[in-house]
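S.K.: Handing you this structure, nothing more for now.
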Amino acid sequence: MHNKKVNEKYGLSIEYWVKKMISIQEYYLVMSESMSILKSFVIAICVLCSVVVLSQETVKPGKNIALYVPNTKQIFDNIPFDVGETILYNATWGGIKAGTVSIQVKKRLFIGDNEVFQVVVQAKTSKFFSVFFKVDDKMESYFDCKSLYSLRFEKHLREGSYKEDQIIDYDHKRGIFEMNRERKNKKNVQEGIIPYWVNDPISCIFYLRVCELAVAKPFSITINTEGKNYNVEVNVPEKETIKTDLGKFDTFIVKPGKLAWQGRVFEKEKSTLTVWLTDDEYRLPVLLKSKVKIGSLKFEIKQWKKSGSPVDNESINEEEEEK
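For the sequence shown, my numbering begins at 739 and goes up steadily by one.
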């Protein structure tokens, strides 16, 4: 009787409350899915670390790996990036800002006789999403300054209560890698072979920026991640002019092969990734979209500091969070 009076007073029916509860349930499901998408992107990244999982074929021991990658080093002239370049992306799903991803060319240093770039990628959830599930991940790539092949890759994941640290060293003279991983308080060491001049999930992005892009002329990149080597076919179907927060850009549309794995958000052989690289001397990745099980995930450039800009100790992710 009391409930009936309340309902009559506020004009609310039982059907209203049922629908309200369903809406709340759907809301939290969306939040959960959004975080899964962001996590998947972070783990795979960021084309921005994501092309790593777009394998057409796994390069296995025993195969003639020279067929996939030339056995002579390529020396690239006019590399369009250097120390100080920083790119910030907003990550959105369904129009909701889920977080930010920043990529910064931190410094030049030496690993053995090789002069390398140190590139740091950070992915963080927004303050709103962090209430439900906080992500604060950091990845680092150390790749040759002239040929862009990887010598070291680090991954430090902080996702809710989950913690993982991974360091992979690449020995190109011996053709092997060594991966040291610590997660769930367990340490693991894994070794394996690598093709000539292999890339990691971050260095492959910078490698794309020096490739000669032309419509309808596919090429391939070989990438090592999680103890496996992948030969990734990359297609350039067309060019397009797009508008972003930084203005209009003439771009190449770059499409790696279909996703070769699946999960809560990615659907095997159906989920796709598309990257827009500027058609200029910078080959800047200004937009990334990934079709997933529910809708699509978008990473759009928000800020860009050119090479030569002062390198801050703090990520521009943190600057953006204050806004």
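Beta carbons are placed, not taken as given, at the ideal position from N, Cα and C, and that holds for glycine.
(1) Can you name the start and end residues of the beta strand (DSSP E) that I1068 belongs to?
(2) Does DSSP put K865 in a helix, in a strand, or in coil?
(3) What does the alpha-carbon distance come out to for the pair K884 and F870?
(4) Do V873 and E853 have their C-beta atoms closer together than 8 Å?
(5) Return the chain-ordered ranges of every alpha helix (DSSP H) run that is complete within the stretch 951-1001 and spans a minimum of 4 residues.
(6) In three-state DSSP terms, what is K1043?
(7) Could you name the residues of the same chain whose beta carbon sits closer than 6 Å to that of Y1020, not counting the 5 residues immediately before and after it, in chain order?
(8) What residues in its chain sit with their C-beta under 8 Å from that of V974, if we drop five residues either side in the sequence?
(9) Measure the alpha-carbon distance for E916 versus D882 and round it to whole angstroms.
(10) Under 8 Å by Cβ, that's how I've got K1027 and K1036 pegged, so tell me the actual separation to the nearest angstrom.
(11) Reducing DSSP to helix, strand and coil, say where H894 ends up.
(12) Across which residues does DSSP place D903 in a beta bridge pair?
(13) Have a look at F848 and D815 and give me their C-alpha separation to the nearest angstrom.
(14) For K893, count neighbouring C-beta atoms within 10 Å of its own C-beta (all shown protein chains included) and say buried if the count is 16 or more, exposed if not.
(15) With the cut-off set at 8 Å, would you say V859 and I940 are in Cβ contact?
(16) Within its chain, find whatever has a CB closer than 7 Å to the CB of D1017; leave out the 5 residues flanking it on each side and keep chain order.
(17) Would P1048 be called buried (16 or more neighbouring beta carbons within 10 Å of its own) or exposed?
(18) For K844, does the three-state DSSP call read helix, strand or coil?
(19) If you count every other CB in all the chains shown that lies within 10 Å of the CB of G837, and 16 or more means buried, which is it?
(20) Can you say whether F866 is buried or exposed, counting buried as having 16 or more other CB atoms within 10 angstroms of its CB?
(21) Looking only at its chain, what residues have a beta carbon closer than 6 Å to the beta carbon of G822, apart from the 5 residues adjacent to it on each side?
(22) Exposed or buried, what is N926 when buried is set at 16 or more other beta-carbons lying within 10 Å of its beta-carbon?
(23) Quick one: give me the first and last residue of the beta strand (DSSP E) that W831 is part of.
(24) Can you tell me whether S840 is buried or exposed, with buried defined as 16 or more other CB within 10 angstroms of its CB?
(25) Among V857, K835, Y934, D851, which one has its Cα closest to the Cα of S864?
(26) Pick helix, strand or coil for G930, following the three-state DSSP scheme.
(27) Report the rounded CA-to-CA distance for G850 versus R890, giving the unit in angstroms.
(28) Please list the terminal residues of the continuous beta strand (DSSP E) segment that includes L886.
(29) So I980 and W1014 are supposed to be a Cβ contact under 8 Å. How far apart are they, rounded?
(30) In terms of alpha-carbon separation, which member of W1042, S1034, D820, D875 lies closest to T982?
(31) Is it true that the CB of C942 sits closer than 8 Å to the CB of I914?
(32) The beta strand (DSSP E) that contains K1027, what's its start and end?
(33) In angstroms with no decimal places, state the Cα-to-Cα distance between S899 and E964.
M.R.: On the basis of the supplied data:
(1) There is simply no residue 1068 to check, as the chain begins at 739 and stops at 1061 in what is shown.
(2) In the structure shown, K865 adopts helical secondary structure according to DSSP, grouped into three states.
(3) A straight line joining the alpha-carbon of K884 with that of F870 spans about 43 Å.
(4) Between V873 and E853, the C-beta gap is not smaller than 8 Å, which leaves the two residues out of contact.
(5) If we require 4 residues or more, the stretch 951-1001 turns out to have no alpha helix (DSSP H) run fully inside it.
(6) Strand, per DSSP.
(7) Once the five neighbours on either side are set aside, the close Cβ partners of Y1020 are P818.
(8) Close CB contacts of V974 within its chain, under the 8 Å cut and outside five residues either way in sequence, are with L951, A952, V953, A954, K955, P956, F990, I991, V992, K993 (chain order).
(9) Just so you know, the alpha carbons of E916 and D882 end up roughly 18 Å apart.
(10) The pair is a contact, with the Cβ atoms about 5 Å apart (cut-off 8 Å).
(11) Of the three classes helix, strand and coil, the one that applies to H894 here is strand, per DSSP.
(12) For D903, which the question treats as bridged, DSSP gives the partners H894, E920.
(13) If you draw a straight line from the Cα of F848 to the Cα of D815, it is about 20 Å long.
(14) Buried is the call here.
(15) In this structure, I940 lies closer than 8 Å to V859 by Cβ.
(16) Exclusion of the five residues before and after D1017 leaves K977, D988, T989, F990 as the residues of its chain whose Cβ lies within less than 7 Å of its Cβ.
(17) Here P1048 is exposed, its C-beta having fewer than 16 other C-beta atoms within 10 Å.
(18) Of the three classes helix, strand and coil, the one that applies to K844 here is strand, per DSSP.
(19) So G837 ends up on the buried side.
(20) Result: exposed.
(21) Residues S1045, G1046, S1047, V1049 of the same chain have their beta carbon placed closer than 6 Å to that of G822, with the five preceding and five following residues left out of the count.
(22) It is exposed - the Cβ of N926 has fewer than 16 other Cβ atoms within 10 Å.
(23) Note, W831: beta strand (DSSP E), 824-831.
(24) By the neighbour-count rule (16 or more Cβ atoms within 10 Å), S840 is buried.
(25) For S864, the nearest C-alpha among the options comes from K835.
(26) Strand, per DSSP.
(27) Taking the straight line joining both Cα atoms gives about 12 Å.
(28) Here L886 belongs to no beta strand (DSSP E), and DSSP marks it neither H nor E.
(29) I980 to W1014, Cβ: 6 Å. Contact.
(30) That would be W1042, whose Cα lies nearest to the Cα of T982.
(31) No, they are not a contact pair.
(32) Looking at the DSSP string, the run of the beta strand (DSSP E) that includes K1027 is 1023-1029.
(33) Near 21 Å, if we compare the C-alpha coordinates of E964 and S899.
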